[in-house]
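To keep things clear, I will list the structure first and then write my remarks on it.
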Amino acid sequence: MGSASALGGVVFTGSDAFGRAARVEFAQSGSNLVVTLKNTSVSDALVPTDILTAVFWSFSGSAPSLSRVSAVLGAGSFVVNDPQPAGGVVGGEFAFASGFAPVSGGTFGLSSVGLDLFGPPDRFPGPDLEPPTSPDGLQYGITSAADNIATGNGGLLGTPLIVDTVVLTLSGLPVGFDLGSIQNVSFQYGTGLSEPRIPGVPGPGAAGLLGLGGVLALRRRR
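Take any residue in the sequence shown, note its place counting from 1, add 191, and you have its number in my numbering.
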């Protein structure tokens, strides 16, 4: 179970000893699941395995049937080494799939790469921004705001990347859905499942504030 965020979502974070760090928030908007995926590293990205490319998760109990709605740049985020996408739409470069063999326990995933799990039919609505018309290769993976785009090895330099955050929306949440059922979160880097994958842990949020609010409300009733 993730920590509650100030917006009512649940948050997971992950990091490793090599400077990789990521954050994902799952929030509900009506029947939509809004997933905000961010590369939070404070290190320069130098190799493809420094680029965040996917997030996996599962649900405890009965899982909802989810459908793709949109994938857009987060506030303040932008693309490097390619023109800025119209309206911030990057759906043609991201995919959603579910029902595959568990990846670190996760059976749902969002990805900018194929990983032998995601294909052309799994893409979100939107134009293909960088061939091929499939989630494939490092292009449109997520680097961090700390990345010096002028540095990196040959597999990274010149590759179109998203700086900071992508917001991906899925539909199909039932009434009364419990975001606390989200579990087994992991962050994938690079272009293969054999490359770094970092487990997500409940991240900092407003859980403490929500608890304090409940205490204050109880005192008022007394």
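For glycine and all other residues, C-beta sits at the position ideal for the given N, C-alpha and C. Quantities reported herein were computed from a predicted structural model and do not represent experimental measurements.
| query | result |
| --- | --- |
| Could you name the residues of the same chain whose beta carbon sits closer than 8 angstroms to that of G349, not counting the 5 residues immediately before and after it, in chain order? | N272 |
| Suppose you measure from the CA of G290 to the CA of T298; what does that come to, to the nearest Å? | 5 angstroms |
| Decide if the stretch 232-241 is in contact with the stretch 251-258; the criterion is three or more beta carbon pairs, one per stretch, under 8 angstroms apart. | no |
| Rounded to whole angstroms, how far is the Cβ of N230 from the Cβ of T334, which I believe are closer than 8 angstroms? | 6 angstroms |
| Please classify Q379 as buried or exposed, where buried requires at least 16 other C-beta atoms within 10 Å of its C-beta. | buried |
| Is there at least one Cβ from chain C nearer than 8 angstroms to D369's Cβ? | Absent from the structure is chain C; it holds one protein chain and no more. |
| Given a threshold of 16 other Cβ atoms within 10 Å of its Cβ, counted over all protein chains shown, does T204 qualify as buried or as exposed? | buried |
| What residue from R259, R214, W248 and D241 has the CA that sits closest to Q265's CA? | Sequence check: residue 265 is Gly here, not Gln. Comparing Cα positions, the closest option is R214. |
| Since T227 contacts T356 with CB under 8 angstroms, what's their CB separation in whole angstroms? | 6 angstroms |
| Between which two residues does the beta strand (DSSP E) carrying A218 extend? | A212 to S220 |
| Pick out the complete alpha helix (DSSP H) segments inside the stretch 316-340, 4 residues or longer, and give them in chain order. | none |
| So, at 6 angstroms on beta carbons, what are the nonlocal neighbours of G405 in its own chain, with the 5 sequence-adjacent residues on each side left out? | Because G405 carries a pLDDT of 37, less than 50, the predicted location of this residue cannot be relied on, and no value is offered for it. |
| Of the residues G394, G199, R314 and P318, which one's Cα is nearest the Cα of S302? | R314 |
| Quick check on A262: does DSSP put it in helix, strand or coil? | strand |
| Along the beta strand (DSSP E) that carries I242, what are the first and last residues, could you check? | Element bounds for I242: n/a, residue is neither H nor E. |
| So the beta strand (DSSP E) Q379 belongs to, where does it begin and stop? | I373 to Y380 |
| In whole angstroms, give me the CA-to-CA distance for L224 and S372. | 13 angstroms |
| Quick one: Cα of E216 to Cα of V202, how far? | 4 angstroms |
| Tell whether a beta-carbon distance below 8 angstroms holds between T382 and L329. | yes |
| Beta strand (DSSP E) containing P414: first to last residue? | The structure shown has nothing for residue 414, since the chain only spans 192 to 413. |
| Would you grab the beta carbon distance between A262 and V246 for me? Rounded to a whole angstrom, and I think it's under 8 angstroms. | So it is not a contact: roughly 12 angstroms between Cβ atoms. |
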